[in-house]
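Residue numbers (our numbering): 407 to 771. Glycine residues also receive a C-beta, built at the ideal position from the N, C-alpha and C atoms. This structure is a prediction, so every number in the text was calculated from the model and none was measured. Contents: one structure, followed by commentary.
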């Protein structure tokens, strides 16, 4: 018996959907092993998680808020991948955006509130863009692998954030490694009477703009051309190096906006490990969504629900890490499932067995 692996030309949308659902279920089944080992009924645990995060207004609102930073990280990764660039650095770009924008909110000069919020947003995007441009310039000029560079830059950014929160920016009124809160007038408002912050609307608008740009703009067309063939794009007069810097920097800027969402809209301060793995989760969300900006919003809310549900499993007596483990299991299995979207696996009899079968058929004749 031999195994033949063939690359698919394009996996159909129904196939992708069925494969994704199947491997999500496999991830849940795998998680069930550990839940049972802890002495709990997995169906009860999953049921409580779903009802807590998605079957009530307050749960849905909390899931949206937990998923909002993930939206920016997922959109960031999707933009880079549209040109076959792997931005693994959304975690660090998120942190650097939060540092630059949050530092301005904490220590910047007095000015009209609207102007200060606008400048904070710009600085958060700028912080992420600058951090991504390190990898972009190395890639454009010397073809240095952007995956490795962006990954390593994450550690530097997170350690720098730790230094600030434990050191010069640490709040004098606290013993925990946090900064003071940003001025209250800079808190972004919620949408009406809901518990959903207005930064969610910003994420939705950004996703819509990205979708329109990918489909209808000249920039989107040229990015697609570079993705399909750099040589063809260069022959058509497109400056590929310029686009590498532009796309990676813009991708970093979007990740930096996750820092704006978190500091201005959710926690209102800087704290150690502020991204909390959102940059890495954003990679999985982008792949799950097939890099479609609108789908990224939906999947981010689902993952936000997983994060949100850690509270209810603790009430049940289940370790809070179970929710994280379920999230990780789903990620691993979905990534594994992507293999079957890209490749067709067939089983064939070995050459020797085929020869025997052929001889048998001839003898029968």
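List, from N- to C-terminal side, the alpha helix (DSSP H) runs of 4 residues or more that fit wholly inside the stretch 636–702.
With a minimum length of 4 residues, the unbroken runs of alpha helix (DSSP H) contained wholly in the stretch 636–702 fall at 636–641, 646–666, 684–694.
Where residue 543 and residue 557 are concerned, what is the direct C-alpha to C-alpha distance, given to the nearest angstrom?
The count along the chain shown starts at 1 and reaches residue 543 at position 137. The count along the chain shown starts at 1 and reaches residue 557 at position 151. Cα to Cα, the separation comes out at about 15 Å.
Counting Cβ pairs, one atom from each stretch, are 3 or more of them under 8 Å apart for the stretch 535–550 and the stretch 650–664?
A contact between stretches requires three or more CB pairs, one per stretch, nearer than 8 Å, and the stretch 535–550 meets this requirement with the stretch 650–664.
Using the Cβ count rule (16 or more neighbours within 10 Å means buried), how would you classify residue 583?
As a first step, residue 583 is located in the chain shown; it is residue number 177 there, counting from the start. So residue 583 counts as buried.
In angstroms with no decimal places, state the Cα-to-Cα distance between residue 746 and residue 414.
Taking the chain shown and counting its residues from 1, the one referred to as residue 746 is at position 340. Taking the chain shown and counting its residues from 1, the one referred to as residue 414 is at position 8. So the alpha carbons of these two residues sit roughly 9 Å apart.
Using a beta-carbon distance below 8 Å, is residue 580 in contact with chain C?
Annotation note: the requested chain C is absent from the structure, which comprises a single protein chain.
Looking at C-beta atoms only, is the number of pairs between the stretch 689–698 and the stretch 737–752 that lie closer than 8 Å three or more?
Contact between the stretch 689–698 and the stretch 737–752 is present, with at least three C-beta pairs closer than 8 Å.
Quick check on the DSSP output: what are the complete beta strand (DSSP E) runs of length 3 or more inside the stretch 462–490, in order along the chain?
Under the rule that a run must span 3 or more residues, no beta strand (DSSP E) segment is found entirely inside the stretch 462–490.
What span of residues does the beta strand (DSSP E) with residue 735 cover, start to end?
Taking the chain shown and counting its residues from 1, the one referred to as residue 735 is at position 329. First-last for residue 735: 727–748, but that is the alpha helix (DSSP H), not the beta strand (DSSP E).
Does the structure place the stretch 451–459 close enough to the stretch 707–724 that three or more beta carbon pairs sit under 8 Å?
Touching, yes.
First and last residue of the beta strand (DSSP E) that includes residue 411?
Along the chain shown, one-based indexing puts residue 411 at 5. Unbroken beta strand (DSSP E) run through residue 411: 408–413.
Let me know the secondary structure DSSP gives residue 585 once reduced to three states.
By 1-based counting over the chain shown, the position of residue 585 is 179. Residue state, collapsed to three classes: coil.
Taking 8 Å as the threshold (C-beta atoms), are residue 675 and residue 732 in contact?
Locating residue 732 in the chain shown gives position 326, where the first residue counts as 1. Locating residue 675 in the chain shown gives position 269, where the first residue counts as 1. Result no, Cβ atoms of residue 732 and residue 675 do not sit closer than 8 Å.
Restricting to Cα atoms, I'd like to know which of 429, 472, 444, 591 is closest to residue 524.
Indexing the chain shown from 1 puts residue 524 at position 118. Among 429, 472, 444, 591, the Cα nearest to that of residue 524 belongs to 591.
Buried or exposed by the 16-neighbour rule on C-beta atoms within 10 Å, applied to residue 444
On the chain shown, residue 444 is found 38 positions in, with the first residue counted as 1. With fewer than 16 Cβ atoms within 10 Å of its Cβ, residue 444 is classed as exposed.
With three or more beta-carbon pairs closer than 8 Å as the criterion, would you say the stretch 477–484 touches the stretch 624–642?
Output reads no: the stretch 624–642 does not touch the stretch 477–484.
Are the Cβ atoms of residue 715 and residue 729 separated by less than 8 Å?
Numbered from its first residue, the chain shown carries residue 715 at position 309. Numbered from its first residue, the chain shown carries residue 729 at position 323. Yes. Within cutoff.
Apart from the five residues just before and just after residue 571, which ones in its own chain have a Cβ nearer than 8 Å to its Cβ?
For this step, residue 571 is matched to residue 165 along the chain shown. Excluding positions up to five away in sequence, the list reads 583, 584, 585, 676, 677, 678.
In the DSSP assignment, what are the bridge partners of residue 602?
By 1-based counting over the chain shown, the position of residue 602 is 196. Beta-bridge annotation (DSSP): residue 602 is not paired with any residue.
I'd like to check one pair, residue 739 with residue 432: are the Cβ atoms closer than 8 Å?
Indexing the chain shown from 1 puts residue 432 at position 26. Indexing the chain shown from 1 puts residue 739 at position 333. Closer than 8 Å, so yes.
Specify the secondary structure class of residue 550 as computed by DSSP and reduced to three states.
Start at 1 with the first residue of the chain shown, and residue 550 comes out as number 144. For residue 550, the secondary structure class from DSSP, reduced to helix, strand or coil, is coil.
Per DSSP, residue 751 is paired with what?
Taking the first residue of the chain shown as 1, we reach residue 751 at position 345. 411, per the DSSP bridge assignment.
Is the beta carbon of residue 489 closer than 8 Å to that of residue 653?
Walking along the chain shown from the start, residue 653 turns up at place 247. Walking along the chain shown from the start, residue 489 turns up at place 83. Residue 489 is positioned such that its CB atom lies closer than 8 Å to that of residue 653.
What separation, rounded to the nearest whole angstrom, lies between the Cα atoms of residue 502 and residue 562?
Here the question's residue 502 lines up with position 96 in the chain shown. Here the question's residue 562 lines up with position 156 in the chain shown. Note on geometry: alpha-carbon atoms of residue 502 and residue 562 lie some 10 Å from one another.
If you reduce the DSSP assignment to three classes, tell me which class residue 351 lands in.
Residue 351 cannot be examined here, being either before or after the span of the chain that is shown, 407 to 771.
Which residues does DSSP pair with residue 596 in a beta bridge?
As a working note, residue 596 is residue 190 in the chain shown. The partner list for residue 596 (beta bridge, DSSP) reads 603.
Could you give the DSSP three-state label for residue 419: helix, strand or coil?
For this step, residue 419 is matched to residue 13 along the chain shown. It is helical.
Would you check if the distance between the CB atom of residue 553 and the CB atom of residue 494 is smaller than 8 Å?
The residue you call residue 553 lines up with position 147 of the chain shown. The residue you call residue 494 lines up with position 88 of the chain shown. The beta carbons of residue 553 and residue 494 sit closer together than 8 Å.
Should residue 575 go down as buried or exposed, given a rule of 16 or more other Cβ atoms within 10 Å for buried?
Indexing the chain shown from 1 puts residue 575 at position 169. Looking at its Cβ environment, which holds 16 or more other Cβ atoms inside 10 Å, residue 575 is buried.
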